[in-house]
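J.: The following block contains the structure, expressed as structure tokens.
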Amino acid sequence: MLAVVLVIAMANSSEAVLAETTRQTEQKSTPGKVHSQHAGHKHHNMILDSSGMVMNSNHEKLPQDCARISRDYEITVYAGIEFATDYPGTVFGMSEHEYLVEPCSRITITFTNKDEVRHQWMIHGLPRYLYPGGMFHLEATGGHTRTGTFIVPSDDKTYLVHCDMAQHMEKGMKAQLKVGRGSGDLWSIPGISSGFKQDSYLPKKSWLYLLLSSMAGIVLATLFMSRKGNP
Ligand SMILES: [Cu+2]
């Protein structure tokens with residue numbers, strides 16, 4: 000009995016290995032093909048080749064809260080060091096750091112990388128039932144262009160857009176996409192919001208303590224002056 004189970008288990012595992020090897024061979028031999036069954040990226044819809052990547056592109060699946068597509072946008076974005084010159088402290092930049100779109104709209108991004116290093120245009124916080132990890136993602140190697148499409152839900156929300164290469168967001172590749180009225184500005188968006196968050200090291204209501212101590216100072220000074228005037 001045990002031997003039979005072992006034989007079946009071995010047969011299954013060798014089948015699995017064979018299937019995986021075949022899949023890998025297929026992927027190697029057909030660069031650029033859509034491989035939604037990629038091992039480890041089972042649920043990603045990904046097109047990948049040597050000059051870039053398009054992940055989770057969605058041209059037709061509507062978010063649950065949208066009855067139809069309200070509007071189509073075609074947005075061209077350039078990435079590169081030349082777009083950082085207007086913003087002190089940055090190294091990389093994008094030609095647009097803010098995108099304003101209508102609820103339930105369909106957005107096609109054409110992303111051109113004008114640098115030699117790789118850059119990405121990645122948006123977070125999309126509905127996970129449509130976009131694995133809540134993410135839509137374009138990546139272009141130096142001098143290349145990638146195009147992809149996604150559809151946003153109906154709620155007013157501000158989405159983070161960035162390049163996820165190490166230190167690129169910190170060095171200027173940060174943007175925001177506002178659906179409808181948005182949900183406020185993100186911090187450190189070049190040309191939009193300030194570059195740092197204030198750390199709250201002061202005690203709460205410190206303005207109150209400051210006011211009270213100033214008033215106490217004035218009272219003491221007044222008392223002191225009036226005593227001096229009337230010995
Ligand atoms: Cu980058």
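Counting along the sequence shown from 1, when you hit position 220 you're at 219 in numbering that gives the first Met the number 0, and nothing is skipped either side.
For each residue, glycine too, the CB sits at the ideal point set by N, CA and C.
Note that this is a predicted model, so its numbers are computed, not measured.
Do you know how far the Cα of Trp206 is from the Cα of Met134?
T.: Going by the C-alpha atoms only, they are around 42 Å apart.
J.: Determine the DSSP secondary structure at Ile122, reduced to helix, strand or coil.
T.: If DSSP states are grouped into helix, strand and coil, Ile122 belongs with the strands.
J.: Any heavy atom of ligand 1 closer than 8 Å to the CB of Val160?
T.: Val160: no, Cβ never under 8 Å from ligand 1.
J.: Where do the ends of the beta strand (DSSP E) carrying Gly51 lie?
T.: It spans Gly51 to Met54 - the beta strand (DSSP E) in which Gly51 sits, taken as one unbroken run.
J.: For ligand 1, is there a heavy atom less than 8 Å away from the beta-carbon of Ala174?
T.: The answer is no for Ala174.
J.: Hey, would you say the C-beta of Ala78 is under 8 Å away from at least one heavy atom of ligand 1?
T.: Answer for Ala78: yes, Cβ within range of ligand 1.
J.: Alpha carbon to alpha carbon, what distance is there between Glu115 and Thr107?
T.: Their backbone Cα atoms lie some 24 Å apart in a straight line.
J.: Note down the Cα distance separating Ala10 from His43, rounded to an integer number of angstroms.
T.: Since pLDDT at Ala10 reaches only 47, below the 50 mark, its modelled position is unreliable, and no value is offered.
J.: Please determine whether the Cβ atom of Met164 lies at a distance below 8 Å from any heavy atom of ligand 1.
T.: It does: the Cβ of Met164 is within 8 Å (strictly closer) of some heavy atom of ligand 1.
J.: Shortest alpha-carbon distance to Ser187 belongs to which of Lys177, Lys173, Gly181 and Val178?
T.: The residue with the shortest Cα to Cα distance from Ser187 is Lys173.
J.: Using beta-carbon positions only, say whether Ala78 and His118 come within less than 9 Å of one another.
T.: Yes.
J.: What alpha helix (DSSP H) runs, 4 residues minimum, are completely inside the segment 81-119?
T.: With a minimum length of 4 residues, no continuous alpha helix (DSSP H) run stays inside the segment 81-119.
J.: Considering only their Cβ atoms, is the gap separating Lys156 from Tyr98 smaller than 9 Å?
T.: Going by C-beta atoms, Tyr98 is not nearer than 9 Å to Lys156.
J.: Please indicate yes or no: does the CB of Val116 lie closer than 8 Å to some heavy atom of ligand 1?
T.: Yes.
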